[in-house]
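**Q** Going line by line, the protein sequences match chains A and B. Going by numbering that gives the first Met the number 0, the first residue of the first sequence is number 0, and it counts up by one from there. Going by numbering that gives the first Met the number 0, the first residue of the second sequence is number 0, and it counts up by one from there.
Protein chains: 2
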Amino acid sequence: MHNSEAAFLQKYDRRDYLSPLVTVDAAIFTFHNGQLLVLLTKRSEYPEKDKWALPGGFVDESKDSSLEDTVQRKLQEKTGVKAPYIEQLMSVGNQHRDARGWSVTVAYTALVAWQACQSFVENVSEVRWEVYEEALTKDLAFDHIAIMKAARERLKQKALYSMVPAYALPEEFTLPELQHFLEVLIDKTIQKKSFRRRLEQADIVEEIGIKAPSGKGRPSTTYRLRESAKEFTFIRNLEV
Amino acid sequence: MHNSEAAFLQKYDRRDYLSPLVTVDAAIFTFHNGQLLVLLTKRSEYPEKDKWALPGGFVDESKDSSLEDTVQRKLQEKTGVKAPYIEQLMSVGNQHRDARGWSVTVAYTALVAWQACQSFVENVSEVRWEVYEEALTKDLAFDHIAIMKAARERLKQKALYSMVPAYALPEEFTLPELQHFLEVLIDKTIQKKSFRRRLEQADIVEEIGIKAPSGKGRPSTTYRLRESAKEFTFIRNLEV
DNA sequence: ACAATAGTGTCTGTTAGACAGTATTAT
DNA sequence: ATAATACTGTCTAACAGACACTATTGT
Numbered sequence: 000m001h002n003s004e005a006a007f008l009q010k011y012d013r014r015d016y017l018s019p020l021v022t023v024d025a026a027i028f029t030f031h032n033g034q035l036l037v038l039l040t041k042r043s044e045y046p047e048k049d050k051w052a053l054p055g056g057f058v059d060e061s062k063d064s065s066l067e068d069t070v071q072r073k074l075q076e077k078t079g080v081k082a083p084y085i086e087q088l089m090s091v092g093n094q095h096r097d098a099r100g101w102s103v104t105v106a107y108t109a110l111v112a113w114q115a116c117q118s119f120v121e122n123v124s125e126v127r128w129e130v131y132e133e134a135l136t137k138d139l140a141f142d143h144i145a146i147m148k149a150a151r152e153r154l155k156q157k158a159l160y161s162m163v164p165a166y167a168l169p170e171e172f173t174l175p176e177l178q179h180f181l182e183v184l185i186d187k188t189i190q191k192k193s194f195r196r197r198l199e200q201a202d203i204v205e206e207i208g209i210k211a212p213s214g215k216g217r218p219s220t221t222y223r224l225r226e227s228a229k230e231f232t233f234i235r236n237l238e239v
Numbered sequence: 000m001h002n003s004e005a006a007f008l009q010k011y012d013r014r015d016y017l018s019p020l021v022t023v024d025a026a027i028f029t030f031h032n033g034q035l036l037v038l039l040t041k042r043s044e045y046p047e048k049d050k051w052a053l054p055g056g057f058v059d060e061s062k063d064s065s066l067e068d069t070v071q072r073k074l075q076e077k078t079g080v081k082a083p084y085i086e087q088l089m090s091v092g093n094q095h096r097d098a099r100g101w102s103v104t105v106a107y108t109a110l111v112a113w114q115a116c117q118s119f120v121e122n123v124s125e126v127r128w129e130v131y132e133e134a135l136t137k138d139l140a141f142d143h144i145a146i147m148k149a150a151r152e153r154l155k156q157k158a159l160y161s162m163v164p165a166y167a168l169p170e171e172f173t174l175p176e177l178q179h180f181l182e183v184l185i186d187k188t189i190q191k192k193s194f195r196r197r198l199e200q201a202d203i204v205e206e207i208g209i210k211a212p213s214g215k216g217r218p219s220t221t222y223r224l225r226e227s228a229k230e231f232t233f234i235r236n237l238e239v
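1. Name the chain A residues that come within less than 9 Å of B/K48, Cβ to Cβ?
2. At a CB-CB cut-off below 8 Å, which residues of chain A make contact with B/Y84?
3. Starting from B/L237, follow the beta strand (DSSP E) in both directions and report where the run begins and ends.
4. Name, going along the chain, the residues of the region 50-77 of chain B whose beta-carbon falls closer than 9 Å to a beta-carbon of chain A.
5. Would you please verify whether the beta carbon of A/Q200 is less than 9 Å from any beta carbon of chain B?
6. Using a Cβ cut-off of 9 Å (strictly closer), state whether A/V239 contacts chain B.
7. Count the other CB atoms, across all protein chains shown, that sit within 10 Å of the CB of B/H143; report buried if there are 16 or more and exposed otherwise.
8. Against B/A98, what residues of chain A qualify as contacts under a CB-to-CB distance less than 8 Å, listed in chain order?
9. Going along chain A in order, which residues have a C-beta closer than 9 Å to the C-beta of B/Y45?
10. Can we count A/S213 as close to the ligand ATP, meaning its CB is less than 8 Å from some heavy atom?
11. Can you pull the chain A residues whose beta carbon is under 9 Å from the beta carbon of B/R235, in chain order?
12. With a threshold of 6 Å on Cβ separation, who are the neighbours of A/P83 within its own chain once the five nearest residues in sequence on each side are excluded?
13. Nearest-angstrom Cα distance between B/S102 and B/S219?
14. Do you know how far the Cα of B/Q94 is from the Cα of B/K62?
15. Run through the DSSP bridge pairs and tell me what A/Q34 is partnered with.
16. Using only alpha-carbon positions, find the residue among B/T69, B/N2, B/E171, B/R42 that is nearest to B/R127.
17. Between the region 119-133 of chain A and the region 74-91 of chain A, do three or more beta carbon pairs fall short of 8 Å?
18. If the criterion is Cβ atoms closer than 9 Å, does the pair A/M147 and B/Q87 meet it?
19. Contact between the region 194-213 of chain A and the region 50-64 of chain A: three or more CB pairs below 8 Å?
20. Pairs of beta-carbons, one from the region 25-40 of chain A and one from the region 150-157 of chain A, closer than 8 Å: are there three or more?
21. Which of helix, strand or coil does DSSP assign to B/G66?
22. Check whether chain A comes within 9 Å of B/Q178, counting only Cβ atoms and requiring the distance to be less than that.
23. Can you tell me which of B/Q71, B/F172, B/S161 puts its alpha carbon nearest to the alpha carbon of B/Q114?
24. At the 9 Å Cβ level, is A/L184 part of the contact set with chain B, yes or no?
25. Grouping DSSP H, G and I as helix and E and B as strand, with all else coil, what is A/E4?
26. Just to make sure I have the definition right: I need the residues of chain B whose C-beta is within less than 9 Å of the C-beta of A/R14. Which are they?
27. Put A/L39 into one of helix, strand or coil per three-state DSSP.
28. Taking C-beta pairs closer than 8 Å, name the residues in chain B that A/L154 reaches, listed in chain order.
29. Say whether the region 31-49 of chain B touches the region 135-142 of chain B, bearing in mind that this needs 3 or more beta-carbon pairs closer than 8 Å, one atom from each stretch.
30. For A/L224, write down the residues that DSSP places opposite it in a beta bridge.
31. In whole angstroms, what is the alpha-carbon distance linking B/V241 and A/E182?
32. Tell me B/S102's beta-bridge partners as DSSP assigns them.
Rendered as structure tokens:
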């Protein structure tokens, strides 16, 4: 029968089956005052009420037509902006991570400029930027510490073979700023020359102008990322 | 109240909420007769009945305490063996990929030796090894073509900076075999010398003995992977 | 000896690390 | 001029690509 699939679907009702809970969580990073920051939100509801957690929540079938919709929606809610860089990190699913039962979370890593969302973040009391090392010592909800660590590790790897971390800086940034951020991520100084050679060869930034001299020393040139920066990978890593 | 979380959980019933369907799928690859093969199964039930698909299925809360349990169970069902290499690939979730409704799949890539499971596979009629390029031309169920392509692409990348593809070979293998597999994966010949230098420097294989001469030419040395092979990555990629 | 396949020696090219040198700003 | 920060020149080291060479098997 050519329409027995239609017949099957007619009879099928998802409510007859129990499915794991599905949530989306995001480790949102930025760089400010020489420190790696991660966005945390205080849970207002049970379970794990009043604990800090990564921003996230349930897929809302009436609002989201895909997981990417869900993560963008959650990000918008907590930061007020659309992140210039979002990437799926991993999924974790098991019986024990959520007291409500078998639960799956799809975790994302996002990068945003601190300047782009600070005014929004500081006006929402249950949301704040936390220095990464501080966040590590907190008793975050669910398995969010492990997810945050995995996101941090992936970001470190990216720093070794790409310039993706630049998406955590404002649209216009200087090379010393970017270099410093990479150094924080990989926890090692990078040779200025190596860093600049790589940027030059990759052709992923374009010059904007000269930064207005602020304080001492020679003012640095400002740059903006080209679209190609998202995909570009170096064939040789920085050393660890 | 110290136990209001307990009270909340007491009252909470998952059946009150509709959650997306959650499935696990695996792109299982192997290498045989100079070709990359992928394991396909014929769907016996609606929806997408009678189409070929990647092995996978629903999380079974009575059997699986984690997503890894689910994928191992499905793999065991279809191949009869435990895969020496499994890695989470990505998750796909949206309203349209499954006619039954909002659905999330957590996809894995697995590598197995053809020899290890061929006797099992050839005795199950709805399971078979398909040459990858052939599989590409088929009308696979759901979005399995896209998932399979993503898995294939990741495997290619791995071939450029690791020896992970070796897990698709039998436990004892020769270096010419492994080199040939990498060449198929990256679609480019590799310099024998480069390949062997990398292996030597990485220290991820141990010599077993000399292969019994089979046919013509000098017999090659056989090797086995060390545990460290799973994690090892070269700091410099092969060229593409 | 010859064909075929396995494995090595050695040169070149590319690119990261090291570090000294030059440039541009404020005081 | 000096200090401070930005940026460049140039040497070295590591390692992939190229390719000729040797080694071990069967016929």
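Positions of the beta carbon are idealized from the N, C-alpha and C atoms, including for glycine.
**A** So, to answer that:
1. S3, E4, F7
2. What B/Y84 touches in chain A: nothing, since even the nearest Cβ is about 17 Å away.
3. From DSSP, B/L237 is part of no beta strand (DSSP E); its letter is neither H nor E.
4. F57, V58, E60, D63, S64, S65, L66, E67, D68, T69
5. no
6. yes
7. buried
8. E4, L8
9. S3, E4, A6, F7, L8, Y11
10. In the structure on display, the ligand ATP does not appear, and there are no ligands present to speak of.
11. I234, R235, N236
12. Y166
13. 49 Å
14. 27 Å
15. A/H31
16. B/R42
17. yes
18. no
19. no
20. yes
21. The residue you asked about is not Gly; residue 66 of chain B is Leu in the sequence shown. Correct three-state label for B/L66: helix.
22. no
23. B/F172
24. no
25. helix
26. R14, L17
27. strand
28. Ordered by position in chain B, no residue passes the 8 Å Cβ test against A/L154, which lies about 16 Å from the chain.
29. yes
30. A/V204
31. Here chain B comprises residues numbered 0 to 239, so residue 241 of chain B is not present and cannot be evaluated.
32. B/L20, B/N93
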